[in-house]
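*Asks:*
There are 4 protein chains.
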Amino acid sequence: MKKLLIVTTGGTIDKNYFDDMSDYQIGEPMIGQILQQMQVGFEFEVRQLMRKDSLHITDADRYTIRAEIAASDLSHILITHGTDSMVKTALLLADIPDKTMVLTGALNPARFRDSDAVFNIGCAVGALQALQPGVWIAMNGCIWDPRKVRKNREQNRFESTLTTG
Amino acid sequence: MKKLLIVTTGGTIDKNYFDDMSDYQIGEPMIGQILQQMQVGFEFEVRQLMRKDSLHITDADRYTIRAEIAASDLSHILITHGTDSMVKTALLLADIPDKTMVLTGALNPARFRDSDAVFNIGCAVGALQALQPGVWIAMNGCIWDPRKVRKNREQNRFESTLTTG
Amino acid sequence: MKKLLIVTTGGTIDKNYFDDMSDYQIGEPMIGQILQQMQVGFEFEVRQLMRKDSLHITDADRYTIRAEIAASDLSHILITHGTDSMVKTALLLADIPDKTMVLTGALNPARFRDSDAVFNIGCAVGALQALQPGVWIAMNGCIWDPRKVRKNREQNRFESTLTTG
Amino acid sequence: MKKLLIVTTGGTIDKNYFDDMSDYQIGEPMIGQILQQMQVGFEFEVRQLMRKDSLHITDADRYTIRAEIAASDLSHILITHGTDSMVKTALLLADIPDKTMVLTGALNPARFRDSDAVFNIGCAVGALQALQPGVWIAMNGCIWDPRKVRKNREQNRFESTLTTG
Numbered sequence: 002m003k004k005l006l007i008v009t010t011g012g013t014i015d016k017n018y019f020d021d022m023s024d025y026q027i028g029e030p031m032i033g034q035i036l037q038q039m040q041v042g043f044e045f046e047v048r049q050l051m052r053k054d055s056l057h058i059t060d061a062d063r064y065t066i067r068a069e070i071a072a073s074d075l076s077h078i079l080i081t082h083g084t085d086s087m088v089k090t091a092l093l094l095a096d097i098p099d100k101t102m103v104l105t106g107a108l109n110p111a112r113f114r115d116s117d118a119v120f121n122i123g124c125a126v127g128a129l130q131a132l133q134p135g136v137w138i139a140m141n142g143c144i145w146d147p148r149k150v151r152k153n154r155e156q157n158r159f160e161s162t163l164t165t166g
Numbered sequence: 002m003k004k005l006l007i008v009t010t011g012g013t014i015d016k017n018y019f020d021d022m023s024d025y026q027i028g029e030p031m032i033g034q035i036l037q038q039m040q041v042g043f044e045f046e047v048r049q050l051m052r053k054d055s056l057h058i059t060d061a062d063r064y065t066i067r068a069e070i071a072a073s074d075l076s077h078i079l080i081t082h083g084t085d086s087m088v089k090t091a092l093l094l095a096d097i098p099d100k101t102m103v104l105t106g107a108l109n110p111a112r113f114r115d116s117d118a119v120f121n122i123g124c125a126v127g128a129l130q131a132l133q134p135g136v137w138i139a140m141n142g143c144i145w146d147p148r149k150v151r152k153n154r155e156q157n158r159f160e161s162t163l164t165t166g
Numbered sequence: 002m003k004k005l006l007i008v009t010t011g012g013t014i015d016k017n018y019f020d021d022m023s024d025y026q027i028g029e030p031m032i033g034q035i036l037q038q039m040q041v042g043f044e045f046e047v048r049q050l051m052r053k054d055s056l057h058i059t060d061a062d063r064y065t066i067r068a069e070i071a072a073s074d075l076s077h078i079l080i081t082h083g084t085d086s087m088v089k090t091a092l093l094l095a096d097i098p099d100k101t102m103v104l105t106g107a108l109n110p111a112r113f114r115d116s117d118a119v120f121n122i123g124c125a126v127g128a129l130q131a132l133q134p135g136v137w138i139a140m141n142g143c144i145w146d147p148r149k150v151r152k153n154r155e156q157n158r159f160e161s162t163l164t165t166g
Numbered sequence: 002m003k004k005l006l007i008v009t010t011g012g013t014i015d016k017n018y019f020d021d022m023s024d025y026q027i028g029e030p031m032i033g034q035i036l037q038q039m040q041v042g043f044e045f046e047v048r049q050l051m052r053k054d055s056l057h058i059t060d061a062d063r064y065t066i067r068a069e070i071a072a073s074d075l076s077h078i079l080i081t082h083g084t085d086s087m088v089k090t091a092l093l094l095a096d097i098p099d100k101t102m103v104l105t106g107a108l109n110p111a112r113f114r115d116s117d118a119v120f121n122i123g124c125a126v127g128a129l130q131a132l133q134p135g136v137w138i139a140m141n142g143c144i145w146d147p148r149k150v151r152k153n154r155e156q157n158r159f160e161s162t163l164t165t166g
């Protein structure tokens, strides 16, 4: 794979344990050390743009993310993002030409024993090497078109919006 | 993703420590429970063909693996396999038409704290949804053409055979 | 060891991350499955009294805990408890005669990768088999007299109150 | 607790993943980093005497272990040791005066996800602070008199030798 740009924005994937008296909920991005630990055979660069729960990501933030990606020389982009507004950010990236972009995150913090974080990062990394240019979401082991997926909050999972009646 | 056929053959990924033998032996395949734990959004079926360290996989075994895949109705296949002869098995699957097949495994058992198993399974699952029909290897975070990759034993990693002199 | 009574009251040790609430909440007590997994050679019984962060444990709650222990036939008691008011609860148990009681908890949830939960439970279990009757706290690998220990919130650790000036 | 001397001798607790082509089975002792990670409130010193599976520990080795402990100024000693001949080594330490010594180990390597290593180390550390001088074994959550315990190989656990007929 060509050099991968990784843009981190926060989200559950990077959450620490926090309690009522903690100021800092979202910690250092975990993806860099995960990829190093997995001894990946490609180069990558991590750009930490923000540390936000995605319920608090504003449209201004989304434009910041978009601008960072559009300005990069790199053609393959992995974005870690909170799951609650991941689709919204993905849709804003859809018209950036000539880049293959995959957003992923986690429903449980990477620091948790049975987190989906490492699996989801793996899915995104594998998909990035085979997908056509465009923007995609990797959650629950599936590669989604952002126009056709939503997060089902009650069941805490991503699902297709194309459910037949 | 369409329904995924998972063929397990053994390998380090499924090894467990057995204190009474002071040794590691191949246990129950881990991939089914890993995918369930990750709450993947696709159906899958696990066929356990053998439990062999891939140094002990024979050509007869490889033909068994090939026959199982060729006979299946399913078009997307994930094969877990020991890393030592993974390339050899992959090459034997290359001429099966109309199937997208990815082989993966792990350099450390899935039961180990910092194993690459879950990451590699994620890579394979993500890649399967975007690759063209054919056979591929997912190791060290890269999707490899089996004709162009080898396992470097000294460094315990997969690398391209296309290294310029 | 004679049969161990385990009283659970909540605390960080049992917290789980709930994505839909973007928060940690106290889940099912972990100690029973931890001891089973460790294949301990003694009998034990788990009594779940409450699921409270110990900042929210009231004096009425502490009397409930005390009454449960005082009424038991069992002589060896392990109490899992939040760390913030663990000392306060311990002091209320000090005058229960003929019982060896150890309180422990964790600074990170048992469900976290690098939690102190299992280690602390081990400390408490080991100490219970050697201590004289009375009440003790097991945190940070030390067995403390509750009259001589406090939780240092800034450093998130337990320390002796007997620091010379 | 007074400063703890930790003597490491190898055993399953420190085993790496190894295969037919590995030379080194027993890795760097894990106990030092475990205790640091748990932020224990006492000082300790690790002396690595050997890296042996305890089936290969000789009487000469046992005398080496004994001599190291007897010569130390420290009064509280934790010995990590393979489980297969742990009782034998313990019996040789029984007559060292004025020291509280606990042997522990693990039935699964500390590098494994669900290892008993951390729990057993916790048990030993907790017990050391309450036991009378003498030698003890901490396994399966129990503190054993070495004259009254054996390892049951079929069931892979420690049990009392005082079973009534």
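Protein chains in written order, with my numbering: chain E, 2 to 166; chain S, 2 to 166; chain H, 2 to 166; chain G, 2 to 166.
From the three backbone atoms N, C-alpha and C, an ideal C-beta is built for every residue, glycine too.
(1) Return the residues of the region 115-135 of chain S that lie within a Cβ-Cβ distance of less than 9 Å from chain E, sorted by chain order.
(2) Compare the C-beta of G/ARG154 against all C-beta atoms of chain S and say whether one is closer than 8 Å.
(3) Which whole runs of the beta strand (DSSP E) in the region 113-162 of chain S are 3 residues long or more, in chain order?
(4) Consider the Cβ of G/LEU75: report whether some Cβ of chain H lies at a distance smaller than 8 Å.
(5) Give me the Cβ distance between S/GLY142 and E/VAL150, rounded to the nearest whole Å; I'm assuming they're in contact under 8 Å.
(6) Taking the alpha carbon of H/GLY135 as the point to measure from, which residue in H/VAL8, H/GLN49, H/LEU94, H/ALA118 has its own alpha carbon closest?
(7) Can a CB atom of chain H be found closer than 8 Å to the CB of G/GLN40?
(8) Taking the alpha helix (DSSP H) that G/GLU46 belongs to, which residues open and close that run?
(9) Can you say whether S/ASP20 is buried or exposed, counting buried as having 16 or more other CB atoms within 10 angstroms of its CB?
(10) Skipping 5 residues on each side, what residues in its chain have a beta carbon closer than 6 Å to that of S/MET160?
(11) Which residue from S/ILE35, S/GLU44, S/TYR64, S/ILE138 puts its Cα closest to that of S/THR84?
(12) For the candidate residues E/LEU108, E/ASP96, E/VAL103, whose alpha-carbon lies nearest to that of E/ALA71?
(13) Return the chain-ordered list of same chain residues with a C-beta closer than 6 Å to the C-beta of H/HIS77, the five sequence neighbours on each side being excluded.
(14) Going by alpha carbons, who is nearest to E/PRO110 out of E/CYS124, E/LEU92, E/GLN133, E/THR81?
(15) Could you have a look at H/HIS77 and say whether DSSP puts it in helix, strand or coil?
(16) Relative to the C-alpha of G/GLN156, which candidate in G/ASN17, G/LEU108, G/SER116, G/LEU56 has its C-alpha closest?
(17) Just to confirm, are G/PHE113 and S/PHE120 a CB contact at a threshold of 8 Å?
(18) Would you report the Cα separation of S/PRO98 and E/MET140, rounded to the nearest angstrom?
(19) With a cut-off of 8 Å, does the C-beta of G/MET102 fall near any C-beta of chain H?
(20) So which residues on chain G does H/LEU36 lean against when the C-beta distance must stay under 8 Å?
(21) What does G/PHE113 reach in chain S if we use C-beta pairs closer than 9 Å?
(22) Output, in chain order, the set of chain H residues within a Cβ distance shorter than 9 Å of E/THR90.
(23) The alpha helix (DSSP H) spanning G/THR90 covers which residue range?
(24) Could you please tell me which residues of the region 42-71 of chain G, in chain order, have their CB closer than 8 Å to any CB of chain S?
(25) Give me the DSSP bridge partner(s) of H/ASP24.
(26) Does DSSP classify E/LEU6 as helix, strand or coil?
(27) From the beta carbon of H/SER86, is the nearest beta carbon of chain E less than 8 Å away?
(28) I'd like to know whether the C-beta of S/ALA95 is nearer than 8 Å to at least one C-beta of chain E.
(29) If you count every other CB in all the chains shown that lies within 10 Å of the CB of E/THR162, and 16 or more means buried, which is it?
(30) Distance, Cα to Cα, G/GLY42 vs G/PRO30?
(31) Where S/MET39 and E/SER116 are concerned, what is the direct C-alpha to C-alpha distance, given to the nearest angstrom?
(32) In terms of residue numbering, what span does the alpha helix (DSSP H) encompassing H/THR65 cover?
(33) Please look up how many angstroms separate the CB atoms of H/GLN49 and H/THR9, rounded, as I've assumed it's under 8 Å.
(34) Looking at C-alpha atoms only, which residue of E/GLY12, E/LEU92, E/GLU44 is the closest neighbour of E/ILE58?
(35) With DSSP collapsed to three states, give me the class of G/GLY33.
(36) At a CB-CB cut-off below 9 Å, which residues of chain G make contact with S/THR105?
*Replies:* Per the coordinate set shown:
(1) Along the region 115-135 of chain S, the positions whose C-beta sits under 9 Å from a C-beta of chain E are ASP115, ASP117, VAL119, PHE120, ASN121, ILE122, GLY123, CYS124, ALA125, VAL126, GLY127, ALA128, LEU129, GLN130, ALA131, LEU132, GLN133, read in chain order.
(2) Stepping through the fourth sequence from its first residue, residue 154 of chain G is reached at position 153. Judged by the 8 Å Cβ criterion, G/ARG154 is in contact with chain S.
(3) If we require 3 residues or more, the beta strand (DSSP E) runs fully inside the region 113-162 of chain S come out as 135-140, 143-145, 150-153, 158-161.
(4) For the purposes of this step, residue 75 of chain G is taken as residue 74 along the fourth sequence, with counting starting at 1. Closer than 8 Å: no.
(5) Numbered from 1 along the second sequence, position 141 holds the residue referred to as residue 142 of chain S. Numbered from 1 along the first sequence, position 149 holds the residue referred to as residue 150 of chain E. Between the beta-carbon of S/GLY142 and that of E/VAL150 there is about 24 Å, and that puts the pair past the 8 Å contact cut.
(6) Here residue 135 of chain H corresponds to residue number 134 of the third sequence, with the count starting at 1. Closest by alpha carbon: H/LEU94.
(7) Residue 40 of chain G sits at position 39 when you count from the first residue of the fourth sequence. Yes, because at least one Cβ of chain H sits closer than 8 Å to the Cβ of G/GLN40.
(8) As a working mapping, residue 46 of chain G is identified with position 45 in the fourth sequence. Per DSSP, G/GLU46 belongs to no alpha helix (DSSP H); it is in the beta strand (DSSP E), 45-53.
(9) Residue 20 of chain S sits at position 19 when you count from the first residue of the second sequence. Buried.
(10) In the second sequence, counting from the first residue as 1, residue 160 of chain S sits at position 159. Per the sequence shown, residue 160 of chain S should be read as Glu rather than Met. Cβ neighbours of S/GLU160 beyond the five flanking positions: ASN153.
(11) Against the second sequence, residue 84 of chain S aligns to sequence position 83. Considering only alpha carbons, the answer is S/ILE138.
(12) Residue numbering aside, residue 71 of chain E sits at position 70 when the first sequence is read from its first letter. Comparing Cα-Cα distances from E/ALA71 to each of E/LEU108, E/ASP96, E/VAL103, the minimum goes to E/ASP96.
(13) Against the third sequence, residue 77 of chain H aligns to sequence position 76. Non-local C-beta neighbours of H/HIS77 in its own chain, meaning closer than 6 Å and more than five positions away in sequence, comprise LYS3, LEU5, THR101, LEU129, ordered along the chain.
(14) Counting from one through the first sequence, the residue named residue 110 of chain E turns up at place 109. A check of alpha carbon separations from E/PRO110 across E/CYS124, E/LEU92, E/GLN133, E/THR81 identifies E/THR81 as the nearest.
(15) Locating residue 77 of chain H in the third sequence gives position 76, counting from the first residue. H/HIS77 carries a strand assignment under DSSP once its states are collapsed to helix, strand and coil.
(16) On the fourth sequence, residue 156 of chain G is found 155 positions in, with the first residue counted as 1. Looking from the CA of G/GLN156, the closest CA among G/ASN17, G/LEU108, G/SER116, G/LEU56 belongs to G/LEU108.
(17) The residue labelled residue 113 of chain G in the question sits at position 112 within the fourth sequence. The residue labelled residue 120 of chain S in the question sits at position 119 within the second sequence. Not in contact: G/PHE113 and S/PHE120 (Cβ atoms no closer than 8 Å).
(18) As a first step, residue 98 of chain S is located in the second sequence; it is residue number 97 there, counting from the start. As a first step, residue 140 of chain E is located in the first sequence; it is residue number 139 there, counting from the start. Each residue's CA atom was taken as its position, placing S/PRO98 and E/MET140 some 29 Å apart.
(19) For the purposes of this step, residue 102 of chain G is taken as residue 101 along the fourth sequence, with counting starting at 1. Interface criterion not met: the Cβ of G/MET102 is under 8 Å from no Cβ in chain H.
(20) Taking the first residue of the third sequence as 1, we reach residue 36 of chain H at position 35. GLY142, listed in chain order.
(21) Within the fourth sequence, numbered from 1, the residue matching residue 113 of chain G stands at position 112. Neighbours of G/PHE113 across chain S, judged by C-beta separation under 9 Å: ASN17, TYR18, PRO110, ARG112, PHE113, ARG114.
(22) For this step, residue 90 of chain E is matched to residue 89 along the first sequence. None at all; the shortest Cβ gap to chain H is about 17 Å.
(23) Residue mapping note: residue 90 of chain G aligns to position 89 of the fourth sequence, counting from 1. DSSP places G/THR90 inside the alpha helix (DSSP H), whose first and last residues are 87-94.
(24) Per Cβ criterion, the list reads ASP54, LEU56.
(25) By one-based count along the third sequence, residue 24 of chain H stands at place 23. Per DSSP, H/PHE19.
(26) Stepping through the first sequence from its first residue, residue 6 of chain E is reached at position 5. Strand, per DSSP.
(27) Here residue 86 of chain H refers to the residue found at position 85 of the third sequence. No, H/SER86 lies away from the interface with chain E (no Cβ there is under 8 Å from its Cβ).
(28) Working through the second sequence from its first residue, we reach residue 95 of chain S at position 94. When Cβ-Cβ separations below 8 Å define contact, S/ALA95 makes no contact with chain E.
(29) What you label residue 162 of chain E is simply residue 161 of the first sequence in a count that begins at 1. Residue environment for E/THR162: exposed (fewer than 16 other C-beta atoms within 10 angstroms of its C-beta).
(30) In the fourth sequence, residue 42 of chain G corresponds to position 41, counting from 1. In the fourth sequence, residue 30 of chain G corresponds to position 29, counting from 1. Roughly 20 Å separates the two Cα atoms.
(31) Your numbering for residue 39 of chain S matches position 38 in the second sequence. Your numbering for residue 116 of chain E matches position 115 in the first sequence. Computed Cα separation, rounded: 8 Å.
(32) Within the third sequence, the letter at position 64 stands for residue 65 of chain H. Looking at the DSSP string, the run of the alpha helix (DSSP H) that includes H/THR65 is 60-72.
(33) In the third sequence, residue 49 of chain H corresponds to position 48, counting from 1. In the third sequence, residue 9 of chain H corresponds to position 8, counting from 1. In this structure, H/GLN49 and H/THR9 form a Cβ contact; the two beta carbons are roughly 5 Å apart against a cut-off of 8 Å.
(34) Stepping through the first sequence from its first residue, residue 58 of chain E is reached at position 57. Closest in C-alpha terms to E/ILE58, from the list E/GLY12, E/LEU92, E/GLU44, comes E/GLY12.
(35) Position 32 of the fourth sequence, counted from the first residue, corresponds to residue 33 of chain G. Reduced to three states, the DSSP call for G/GLY33 is helix.
(36) Position 104 of the second sequence, counted from the start, is the residue given in the question as residue 105 of chain S. Ordered by position in chain G, no residue passes the 9 Å Cβ test against S/THR105, which lies about 17 Å from the chain.
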